[in-house]
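Below is one structure, written out as structure tokens; the observations come after it.
2 protein chains.
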Amino acid sequence: MFGNQIAGTISFEGDRKFSSFDPTNNRPNNIVFHVATGKEIQLALKQADNSFYQFCNSTPKDRSILLNLIAEQFNEGKPEILGAYCKESGLSIARFEVEFKRTLDQLHMFADYLLQSYSELISETHSEQEKSLPHLIKKRMAMGPVLVFGASNFPLAYSTLGGDTVSALAAGCPVIVKAHPFHPETSFIVGKAIISAIKKSTFQPGIFSQLFDDQFEVAQELILDNRIKAVGFTGSYLGGKSLFELANSRPQPIPVFAEMGSSNPVFVFPESLEEKCEEWTTLFSKSITNDAGQFCTKPGLFFVPQTENGKSFVLKLTEKLIKEPSFTMLHPSIHASFEAKKKELIGLSTGELIEKSGKLEGLQGRQGLFITNTPEFLQNKALEKEVFGPFAVIIYYESMLELNACTQELLGQLTATILASEEEVNAHEPFIFLLKQRAGRLIFNGVPTGVRVCQSMHHGGPFPASSDSRFTAVGTDSILRFTRPIVYQGNC
Amino acid sequence: MFGNQIAGTISFEGDRKFSSFDPTNNRPNNIVFHVATGKEIQLALKQADNSFYQFCNSTPKDRSILLNLIAEQFNEGKPEILGAYCKESGLSIARFEVEFKRTLDQLHMFADYLLQSYSELISETHSEQEKSLPHLIKKRMAMGPVLVFGASNFPLAYSTLGGDTVSALAAGCPVIVKAHPFHPETSFIVGKAIISAIKKSTFQPGIFSQLFDDQFEVAQELILDNRIKAVGFTGSYLGGKSLFELANSRPQPIPVFAEMGSSNPVFVFPESLEEKCEEWTTLFSKSITNDAGQFCTKPGLFFVPQTENGKSFVLKLTEKLIKEPSFTMLHPSIHASFEAKKKELIGLSTGELIEKSGKLEGLQGRQGLFITNTPEFLQNKALEKEVFGPFAVIIYYESMLELNACTQELLGQLTATILASEEEVNAHEPFIFLLKQRAGRLIFNGVPTGVRVCQSMHHGGPFPASSDSRFTAVGTDSILRFTRPIVYQGNC
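Residue numbers (my numbering), protein chains in the order written: chain A, 43 to 534; chain B, 43 to 534.
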């Protein structure tokens with residue numbers, strides 16, 4: 043039976059229902075999900091709040107055991123998850139394998155981190171030298187119940203059991219997931235694994251609930267409730283911004299960690315362009331098109347010198363891009379939005395659109411490039427906007443002056459990529475500084491996609507790439523989003 | 043000559059002027075300050091922005107040298123600062139000495155910290171084991187120009203050269219100070235010391251500007267400018283909240299670190315009450331009245347058991363409180379607001395008001411207590427509100443049930459103090475947990491005032507005590523407010 047998963051029980055009281063969609067076969071799936079009712083929402087909140095005392099006071103070791111139990115149950119559910127995943131996302135089995143492994147590895151990474159490296163003690167200041175001064179111990183404390191939003195483009199790694207949920211549980215925060223309506227069955231099956239693991243643990247079932255809704259009411263009621271203390275979200279700018287505003291409208295505002303994507307500009311410098319042309323165009327044609335470019339770090343904007351080598355680079359990139367396979371997009375609405383955004387952007391500018399020709403299957407995304415130049419970019423800010431899908435804009439530049447002018451216009455980015463020789467990087471320090479001010483991660487001579495999940499990753503950039511550039515959504519440091527310092531002074 | 047201090051120059055272009063006030067002699071001071079004009083504001087912003095490249099790329103060692111130079115100049119200006127300080131704040135010479143030393147120590151603390159402990163490197167992940175994975179280096183980076191608001195109650199330690207300015211400079215962020223209008227001359231003289239020090243350093247004058255205004259226009263224009271990347275503020279809830287909202291209304295919202303005060307509840311348990319009565323009442327009568335209670339950590343709310351020992355505690359506290367000297371308040375408006383808030387709060391509740399009797403001099407604050415009980419507190423939320431001045435509310439409670447009910451109602455606090463035996467603390471873990479969820483610092487058997495400036499301090503609590511409970515306004519960790527992580531991936 044499917045339904046809202048509330049502290050270990052399954053509940054489907056509501057009258058409003060929805061189904062997910064099978065993008066590969068272009069038809070709705072036939073499993074029905076009941077939208078959570080106000081009563082169900084309140085129950086999930088109450089259970090999360092009640093379970094916080096025990097969970098917050100647990101040791102990192104206890105939580106490490108829990109994460110390993112979840113990993114075990116998740117792994118056992120693999121065949122069942124695979125079926126739902128492909129049916130609901132249109133993503134391939136190969137992609138499933140990569141994402142499943144990533145999700146599993148992420149669980150183990152946090153379990154190991156809690157056991158070996160994470161410390162709740164931040165620092166201690168004794169008063170030996172000055173007896174009159176008090177003794178202080180500063181520790182990290184879990185913030186309280188966290189609301190996590192499943193993401194459309196990562197049904198596993200950024201959804202029910204994605205980085206937000208795992209880092210919140212690792213911190214000692216109960217989690218309420220609002221499942222993404224594009225993959226409710228996948229979310230439900232993953233939710234079952236979490237619930238089974240909690241049953242095997244010493245923790246109360248209230249530390250995990252998952253609610254379903256294909257509209258915004260459930261999310262709104264949750265985010266405005268005083269028991270929710272932080273929010274994790276990966277998705278669109280409009281979605282993230284509205285959550286940010288709702289959270290700040292509360293009598294007691296709370297932190298929202300919204301990763302809202304970006305156009306991930308790539309800056310191509312002339313010196314290595316001839317030598318590296320083959321390597322770079324191969325890497326980037328795949329980086330733009332793989333899984334229909336549905337990644338928040340997909341490179342969407344290229345600044346290329348208007349030289350012979352620059353033109354050859356663009357020509358090669360185009361040729362290879364067109365030859366890459368076309369992938370099915372996640373949902374009819376994403377496919378439609380992809381086509382609409384391209385049209386909108388191109389309608390406002392002069393340039394050349396090159397797209398894969400011929401008939402595509404169902405919801406496959408038609409990869410393409412739009413080639414224009416600096417004056418167009420400076421006149422038309424829409425060219426900077428993220429187009430979610432297998433598409434990028436090429437801006438030819440004639441001088442560093444032009445490149446600087448374009449970069450000055452850029453808003454916050456998750457990543458900025460520099461394709462250049464060491465001499466060029468050294469010669470253009472002030473330009474690199476412009477990028478540093480605008481991005482969370484600088485990539486030298488590589489692709490921004492394939493975000494490595496590890497301690498030194500930073501996934502987040504100045505607004506609007508993310509709502510809080512000081513915290514990462516990927517890697518062990520993401521646990522810091524869900525803790526705050528507390529100091530104990532004196533003796534009792 | 044007095045005026046706006048913009049990147050080392052002095053400017054007084056505006057027509058709108060104001061003077062400060064001498065609270066001790068209850069008359070205006072006769073030095074005139076020109077409110078910064080739009081042109082002056084723009085110039086300060088431009089200079090801050092232009093100086094950021096060099097400042098951000100400087101080493102912690104370079105900035106340590108700068109802070110020591112500032113400390114030297116600040117110390118040289120001491121006699122001049124003293125004159126203005128007392129004339130503008132009504133605070134005593136004794137208090138000046140304490141605050142001056144604290145400000146100087148804070149500078150040296152950050153200078154030492156930058157030299158010895160602070161590292162811009164957060165972590166590094168190599169790719170030895172998996173050659174296909176990229177090498178990552180995660181570093182802290184200064185966020186950009188920071189807007190600092192001088193505080194009324196700390197003309198030195200939280201104003202022009204207070205914790206916000208020093209931690210922002212330590213991080214590598216240019217600073218624009220909006221001086222507090224209650225002590226512009228003090229601010230100006232301190233500003234001169236900073237400017238002299240920068241002239242002796244290798245840094246550009248644009249890293250420091252200070253603008254004057256007795257209204258809100260200058261602050262509003264600054265905070266809405268895209269070049270400002272973070273805000274430090276200590277003051278009232280209304281002031282902090284409005285800055286928070288302005289910053290979030292920007293196309294690119296920025297972090298606001300507003301420390302907005304709290305009522306700092308004290309929870310008195312029965313067991314040690316008889317034995318500790320003398321010691322505690324002595325400590326707390328001073329903690330409430332010292333410098334007219336004008337501290338954000340002044341204990342403003344006491345929960346006392348309704349027993350014989352509880353009543354003796356309150357009686358003793360009252361007796362000692364009344365005998366303490368009365369201090370001149372910072373400004374006529376603060377004095378008036380103190381009296382008005384007391385009246386408002388008391389007008390809504392049944393209870394007993396005990397105040398020092400007799401005639402006071404000028405703007406001296408009349409210390410007092412308002413004694414009431416749990417049912418009144420639960421009915422009247424206004425009793426929780428901070429009254430800035432030498433005043434506290436006593437709530438008698440009859441049971442842990444009542445104490446829990448009151449605590450559930452409390453909003454975020456900078457501090458919560460527990461006066462109890464070790465056995466009581468251990469026996470009431472769930473109650474202590476309620477406090478942990480609501481406070482940034484728990485004090486056991488001591489007073490919340492006298493915030494120790496060191497690495498393990500945390501000064502900040504859940505909203506509305508501060509706007510971001512994850513960061514401290516005091517101690518070396520306050521530097522983290524003005525940095526964000528950035529990752530460098532791959533080789534160039």
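Just so it is clear, CB atoms sit at the ideal spot from N, CA and C, and this is done for glycine as well.
- Counting only Cβ-Cβ distances below 7 Å, R494 (chain A) has contacts in chain B at L175, P176, L178, in chain order.
- Contact of Q89 (chain B) with chain A is not assigned, every C-beta pair being separated by 8 Å or more.
- Here the C-alpha atom of N487 (chain B) lies approximately 60 Å from the C-alpha atom of I73 (chain A).
- When secondary structure is reduced to three states using DSSP, G532 (chain A) falls in the strand class.
- As the crow flies, the alpha-carbon of L124 (chain B) is around 31 Å from that of V298 (chain B).
- Taking 8 Å as the CB threshold, E428 (chain A) stays off the interface with chain B.
- Closer than 9 Å at the C-beta level to chain A, one finds no residue of the region 298-312 of chain B.
- Contiguous beta strand (DSSP E) elements confined to the region 246-318 of chain A occur at 250-253, 272-276, 298-301, 307-310, taking only those with 3 or more residues.
- Approximately 5 Å separates the beta-carbon atoms of V308 (chain A) and P341 (chain A); this is inside 8 Å, confirming the contact.
- Taking a contact to require three or more Cβ pairs closer than 8 Å, the region 389-404 of chain A and the region 420-440 of chain A qualify as touching.
- Taking C-beta atoms as the reference points, Q47 (chain A) and G233 (chain A) count as a pair closer than 8 Å.
- In this structure, N99 (chain A) and G248 (chain A) do not form a Cβ contact; the two beta carbons are roughly 14 Å apart against a cut-off of 8 Å.
- In chain order, K478, A481, G482, R483, L484, H500 make up the part of chain A whose C-beta sits under 8 Å from the C-beta of I528 (chain B).
- Shown here is that no member of the region 47-72 of chain B has a Cβ falling below 9 Å from a Cβ of chain A.
- The CB of F505 (chain B) comes closer than 7 Å to the CB of Q294, P295 in chain A, given here in chain order.
- The region 359-369 of chain B makes contact with the region 314-333 of chain B: 3 or more CB pairs, one atom from each, lie closer than 8 Å.
- Taking the Cα positions, T244 (chain A) is about 60 Å away from T414 (chain A).
- The count of Cβ pairs closer than 8 Å, one atom from the region 288-298 of chain A and one from the region 261-268 of chain A, reaches three, so the stretches are in contact.
- With its beta carbon at least 8 Å from every one in chain A, R137 (chain B) lies outside the interface.
- Distance check between R105 (chain A) and each of A:R144, A:V356, A:E139, A:H150 places A:H150 closest, using alpha-carbon atoms only.
- Judged by DSSP in its simplified three-state form, N99 (chain A) adopts coil rather than helix or strand.
- Residues of chain B with a Cβ closer than 9 Å to the Cβ of G186 (chain A) are, in chain order, Q479.
- Residue environment analysis places S399 (chain B) among the exposed positions, since fewer than 16 neighbouring C-beta atoms fall within 10 angstroms of its C-beta.
- Taking one beta carbon from each stretch, the region 79-97 of chain B and the region 277-285 of chain B have fewer than 3 pairs nearer than 8 Å; the two do not touch.
- Against chain B, the CB of E227 (chain A) has no partner CB under 8 Å away; the residue lies outside that interface.
- Note on geometry: alpha-carbon atoms of E465 (chain B) and N351 (chain B) lie some 18 Å from one another.
- Along the region 463-474 of chain B, going in chain order, the ones with a CB nearer than 7 Å to a CB of chain A are E464, V467, P472.
- In the DSSP assignment, D64 (chain B) falls outside any alpha helix (DSSP H) and lies within the beta strand (DSSP E) extending over 59-64.
- Note on geometry: alpha-carbon atoms of S511 (chain A) and A434 (chain B) lie some 40 Å from one another.
- For M151 (chain B), no CB of chain A lies under 8 Å from its own CB, so it is not counted at the interface with that chain.
- Counting only runs that start and end inside the region 454-508 of chain B, the alpha helix (DSSP H) elements of at least 4 residues fall at 464-469, 471-478.
- For the options B:Q531, B:P417, B:V529, B:T525, the alpha carbon positioned closest to that of G214 (chain B) is the one of B:T525.
- For V435 (chain A), DSSP records a beta bridge to A:L343, A:F412.
- Proximity of chain A to Y95 (chain B) at the Cβ level (cut-off 7 Å) is accounted for by P472, F475, in chain order.
- When the five nearest sequence neighbours on each side are left out, the beta carbons in the same chain lying within less than 8 Å of the beta carbon of D147 (chain A) are those of V495, in order along the chain.
- For E321 (chain B), the three-state secondary structure derived from DSSP is helix.
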